Amino acid sequence: MRAEIRRIQHRLSITTVYVTHDQTEAMSLSDRIVVMNKGKIEQIGLPFDIYNYPQNKFVADFIGSINFIEGKVKKVSGSLVIIEIFGKQFTINYQERKLEPEDKVLVITRPESVKIKQEEKADFFGLVSTATYLGPTVEYEVDVNEGVKISIIDYSPKQANIYREGEKVGIILSPEHLYILPEEAD
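Count the sequence shown with my numbering and you get residues 4 to 189, in order.
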């Protein structure tokens, strides 16, 4: 039905206001999305920007699955910020607001951007708390640090590297998929 509505919009060249709580529907039907919370506009933008660059915690959490990770600013050099997460440093491009060393920030990354490996050169390690095999994907939750869980979606599972609950695994974060939320953590 979504595809048919989109075809009609394009064929008739009409503007449509479509109200939905279904994030997939909103992403697939929209040229622009308005995310509202209790009658207040939280963010307006392209589906890509809403998904990848949410302006606050509500939008990040509302549009798709997300990992919220607390980090600490170690160094700022122009638009490059070095953030420490679980003892490992990551360089992130960030221009939204001025940050200072020792500032606490909330870093986000989508589960599909996190890699799970069983190797020594991981960014940090954790224990698999849940592993859900879904055919083309495996969804994991990994306990990494004092109750902090990281969600991971592995899109290329092979039987040899499907990790079991309780197994120690390495987590690899990709700096280009880390984003500092512009607003202070709630």
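Don't be surprised by glycine CBs; every beta carbon is placed ideally from N, CA and C. None of these values were measured; they are calculated from a predicted model.
Taking DSSP's pairing of strands, which residues face residue i in a bridge?
i: Asp157; result: Val141
i: Ile66; result: None, per the DSSP bridge assignment.
i: Leu109; result: Glu73
i: Gly173; result: Lys120, Phe128
i: Gly90; result: In the DSSP output, where bridge partners are listed per residue, Gly90 has none listed.
i: Gly48; result: Ile36
i: Val151; result: Asn148
i: Ile95; result: Val84
i: Thr23; result: For Thr23, which the question treats as bridged, DSSP gives no partner whatsoever.
i: Lys43; result: Asn40
i: Tyr136; result: Val141
Residue i: which of the options sits nearest, CA to CA?
i: Glu149; options: Ser132, Leu32, Leu137, Met4; result: Ser132
i: Glu123; options: Leu181, Phe71, Val172; result: Val172
i: Asn40; options: Ile17, Thr23, Pro50; result: Thr23
i: Lys161; options: Asp146, Val145, Val141, Ser177; result: Val141
i: Ile69; options: Gln92, Val38, Thr19, Lys152; result: Lys152
i: Glu28; options: Glu45, Thr135, Pro50; result: Pro50
i: Met30; options: Glu168, Asn55, Gly42, Ile17; result: Asn55
i: Ile170; options: Glu144, Tyr158, Ser159; result: Here the sequence assigns Glu to residue 170, which means Ile is not the residue at that position. When each option's Cα is compared against that of Glu170, the closest is Glu144.
i: Asp34; options: Arg14, Thr19, Glu45; result: Thr19
i: Ser138; options: Ile47, Phe89, Ser159; result: The sequence given here places Gly at residue 138; Ser does not occur at that position. Out of Ile47, Phe89, Ser159, Ser159 has the C-alpha closest to the C-alpha of Gly138.
Could you pull out every residue in the same chain whose Cβ sits closer than 8 angstroms to the Cβ of residue i, ignoring the five residues on either side in sequence?
i: Gln26; result: Phe65, Ile66, Gly67
i: Lys78; result: Val84, Ile85, Pro104
Enumerate in chain order the residues of its own chain whose CB-to-CB distance from residue i is below 6 angstroms, with the five nearest sequence positions on each side excluded.
i: Ala188; result: Low per-residue confidence applies at Ala188: pLDDT is 42, beneath 50, and the placement is therefore not dependable, though the value from the model is reported in the following sentence. Cβ within range, chain order: Leu109.
i: His180; result: Thr112, Ser116
Got a sec, what are the start and stop residues for the alpha helix (DSSP H) residue i sits in?
i: Ser82; result: That residue, Ser82, is in no alpha helix (DSSP H); it is neither H nor E in DSSP.
i: Ile11; result: 5-15
i: Gln177; result: Per the sequence shown, the amino acid found at residue 177 is Ser instead of Gln. Neither: Ser177 is in no alpha helix (DSSP H) and is coded neither H nor E.
i: Glu28; result: 26-32
Which same chain residues, not among the five before or five after residue i, have their C-beta less than 7 angstroms away from its C-beta?
i: Leu32; result: Arg5, Ile8, Arg9, Tyr21
i: Glu87; result: Gly74, Lys75, Lys77
i: Ser177; result: Ser116
i: Asn96; result: Ser82, Leu83
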